[in-house]
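Using my numbering, the first residue of the sequence shown is number 3, and each one after it goes up by one. Yeah, the Cβ is synthetic: ideal placement off N, Cα and C, and Gly gets one too. Please read these numbers as outputs of a predicted model, since none were measured by experiment. Step one of this worksheet: look at the structure below.
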Amino acid sequence: MTNETKRKKPSLPAYFKNLGIKDYKSERGFWKHVTEVDPILAKELEPLISRQKQGSLYDVKNNSLPFSLAVESWTMSFHKAFLQWVNTQRQLRPQRILDIGCDNGLLTCWYATLFPEAEVFGIDQASNGIQRAKELSNQLDLHNLNFQKMDFSDLIEHFSENFFDLIISVRCFHEIMGPLPIPQYWSLPDYLEKNPTFGDSNFLRILHYLLTEDGTYLSCERLDNPADVGKWANVLEEANLYVQWEKSDVITYHELGIHKRSPVILTTKRNTGMTTWDGLEHLYTKGKPITLEVGSSYSGAQAEFAYHRLGEKSFNSGVFLNMKDHWYLFRFEIWETRDLLLVYSYGNMGHRHLDILPTGAYEEAQLLRDEAIAQFSHLGPITPYDSIEERPE
Ligand SMILES: C[S@@+](CC[C@H](N)C(=O)[O-])C[C@H]1O[C@@H](n2cnc3c(N)ncnc32)[C@H](O)[C@@H]1O
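Next comes the structure, spelled out in structure tokens:
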């Protein structure tokens, strides 16, 4: 029997349970828990989380290890979903792992547990995060870990070229490279043509330098919509790092009861030749390939991919809704292709829904459109239009 078959697979639920990290479906449960662990720190944290006060959330959160782990309950479902996904990546057999922005080391310590033969490095610019991470690895009796306080930009001064065969970043590049602007767009391909990337690809060239030729860079960043993912893929490509779209995924979880989704992007130095547009469609339609048939109905990114796949179309009619005191604008339109009728409802902030009907089914199309409008019509004035030229902007 090899060492590998003898070794007991570590259990992720047990990992969270042993650290006392709980899954709360409401803010009430979360605040009760953190207050029980440390009432003084909980009181300091609340105005920082609710943005009523400015200050470093990390400083308060990482004041002590028990409190830091209690606060983890906020993101437990996200972290668990991400780590569960990592667990399924059987092709990964890393020898040297880098966790960027490791914070209290919760994820880093799992990588060290999952890959006991690997040498695992966690870096973070915040010293109390690194202190907590060291304490956590001692508590877990892990010996293949190395935590260092370091700014991301200084990595190349500390590690040689091709040093890591697995680099991971979770929710930290919006802090390293600056936040992504909230994208407002009616058409994803048009938006990406005008805004192909964000930030400075020199940051990502650091990853290219550190990664072995056949190494993997896994990122689970704050990429809230397909436009952000497209910009991320393009900026990675500028640094000669290529998204492996077939191996990337979208994980689902909840944050204190609110359903959420995040892309996990697997990148290597191998250029697949797949365009970002095709890659995005692959990612967002995984497990549900688009069929352009009568009766098909799509929501979210899938609706937009289906709409664009339908090719040439002519405009029939539209209704515009302007949500007062908000950035939200909506269009409810009927379009025609040679043999299909389409009801496409879409917003400038990402809302998408498409119904595919048989040609000539105008009455059904009107009904579907009226239903779609009814969901939002109380939110602002609506303006009908009969041609694209008349459409309000
Ligand atoms: C939102 S937290 C995410 C922590 C952890 N990866 C997770 O998912 O729980 C972002 C972390 O990135 C770290 N960070 C931000 N900018 C950094 C930089 N330039 N260099 C190193 N770490 C940085 C912060 O200190 C913080 O711990």
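Relative to the alpha-carbon of residue i, which residue among the options has its alpha-carbon at the smallest distance?
| i | options | result |
| --- | --- | --- |
| residue 241 | 254, 66, 183, 204 | 204 |
| residue 162 | 105, 211, 187 | 211 |
| residue 325 | 270, 357, 385, 358 | 385 |
| residue 294 | 281, 302, 344, 215 | 344 |
| residue 101 | 259, 135, 20 | 135 |
| residue 185 | 374, 207, 330 | 330 |
| residue 402 | 280, 176, 291 | The chain is shown from 3 up to 395; residue 402 falls before or after that span and cannot be answered. |
| residue 281 | 305, 367, 251 | 251 |
| residue 23 | 77, 46, 371 | 77 |
| residue 124 | 238, 115, 170 | 170 |
Let's see if you can read the secondary structure: which residues bound the beta strand (DSSP E) around residue i?
| i | result |
| --- | --- |
| residue 264 | 260-270 |
| residue 387 | 384-387 |
| residue 2 | No answer is possible for residue 2: it lies beyond the span of the chain, which begins at 3 and ends at 395. |
| residue 422 | Because the chain in this structure spans residues 3 to 395, residue 422 falls outside the shown range and cannot be described. |
| residue 219 | 213-222 |
| residue 251 | 251-257 |
| residue 171 | 166-172 |
Considering just the uninterrupted stretch of the alpha helix (DSSP H) at residue i, what are its terminal residues?
| i | result |
| --- | --- |
| residue 355 | First-last for residue 355: 354-360, but that is the beta strand (DSSP E), not the alpha helix (DSSP H). |
| residue 129 | 129-141 |
| residue 232 | 228-240 |
| residue 312 | That residue, residue 312, is in no alpha helix (DSSP H); it is neither H nor E in DSSP. |
| residue 42 | 41-51 |
| residue 78 | 78-89 |
| residue 70 | 67-73 |
| residue 296 | Looking at the DSSP string, residue 296 is not in any alpha helix (DSSP H), and its letter there is neither H nor E. |
| residue 176 | 175-178 |
| residue 112 | 108-116 |
Just how far apart, CA to CA, sit residue i and residue j?
| i | j | result |
| --- | --- | --- |
| residue 179 | residue 360 | 47 angstroms |
| residue 391 | residue 321 | 13 angstroms |
| residue 31 | residue 141 | 26 angstroms |
| residue 168 | residue 333 | 44 angstroms |
| residue 233 | residue 395 | 25 angstroms |
| residue 268 | residue 110 | 18 angstroms |
| residue 159 | residue 183 | 31 angstroms |
| residue 11 | residue 288 | 28 angstroms |
| residue 399 | residue 148 | Summary: the structure shown does not reach residue 399, with the chain confined to residues 3 through 395, and so no result is reported for it. |
| residue 93 | residue 362 | 51 angstroms |
| residue 7 | residue 129 | Note that residue 7 has pLDDT 49, beneath the 50 cutoff, so the model's placement of it is unreliable and the number below is only indicative. For residue 7 and residue 129, the distance between alpha carbons rounds to 39 angstroms. |
| residue 338 | residue 297 | 15 angstroms |
| residue 256 | residue 74 | 13 angstroms |
| residue 3 | residue 52 | Its pLDDT being 45, under 50, residue 3 is placed unreliably by the model, and the measurement read from it follows with that caveat. If you take the alpha carbons of residue 3 and residue 52, they lie about 54 angstroms apart. |
| residue 419 | residue 187 | The displayed coordinates of the chain run from 3 to 395. Any statement about residue 419 would go beyond what the structure contains. |
| residue 15 | residue 90 | 15 angstroms |
| residue 132 | residue 145 | 16 angstroms |
| residue 246 | residue 85 | 19 angstroms |
| residue 355 | residue 378 | 13 angstroms |
| residue 270 | residue 285 | 16 angstroms |
| residue 382 | residue 336 | 21 angstroms |
| residue 34 | residue 70 | 15 angstroms |
| residue 64 | residue 364 | 60 angstroms |
| residue 113 | residue 82 | 12 angstroms |
| residue 174 | residue 231 | 15 angstroms |
| residue 226 | residue 264 | 7 angstroms |
| residue 218 | residue 249 | 11 angstroms |
| residue 66 | residue 79 | 22 angstroms |
| residue 308 | residue 39 | 49 angstroms |
| residue 387 | residue 198 | 31 angstroms |
Residues bridged to residue i by DSSP?
| i | result |
| --- | --- |
| residue 333 | 322, 348 |
| residue 317 | 337 |
| residue 19 | Paired residues: none, contrary to the question. |
| residue 124 | 101, 149 |
| residue 407 | It is not possible to answer for residue 407, since the shown part of the chain is limited to 3 through 395. |
| residue 343 | 338, 359 |
Quick check: is any heavy atom of ligand 1 less than 7 angstroms from the C-beta of residue i?
| i | result |
| --- | --- |
| residue 111 | no |
| residue 2 | Outside the shown range of the chain (3 to 395) lies residue 2, about which nothing can therefore be said. |
| residue 131 | yes |
| residue 154 | yes |
| residue 173 | yes |
| residue 103 | yes |
| residue 23 | no |
| residue 127 | yes |
| residue 90 | no |
| residue 51 | no |
| residue 159 | no |
| residue 46 | no |
| residue 253 | no |
| residue 177 | yes |
| residue 199 | no |
| residue 77 | yes |
Any C-beta of chain D sitting closer than 8 angstroms to the C-beta of residue i?
| i | result |
| --- | --- |
| residue 96 | You won't find chain D in this structure, because it holds only one protein chain. |
Would you say the beta carbon of residue i comes nearer than 7 angstroms to a heavy atom of ligand 3?
| i | result |
| --- | --- |
| residue 60 | Because ligand 3 does not appear in the structure shown, any question about it cannot be addressed here, the ligands present being ligand 1. |
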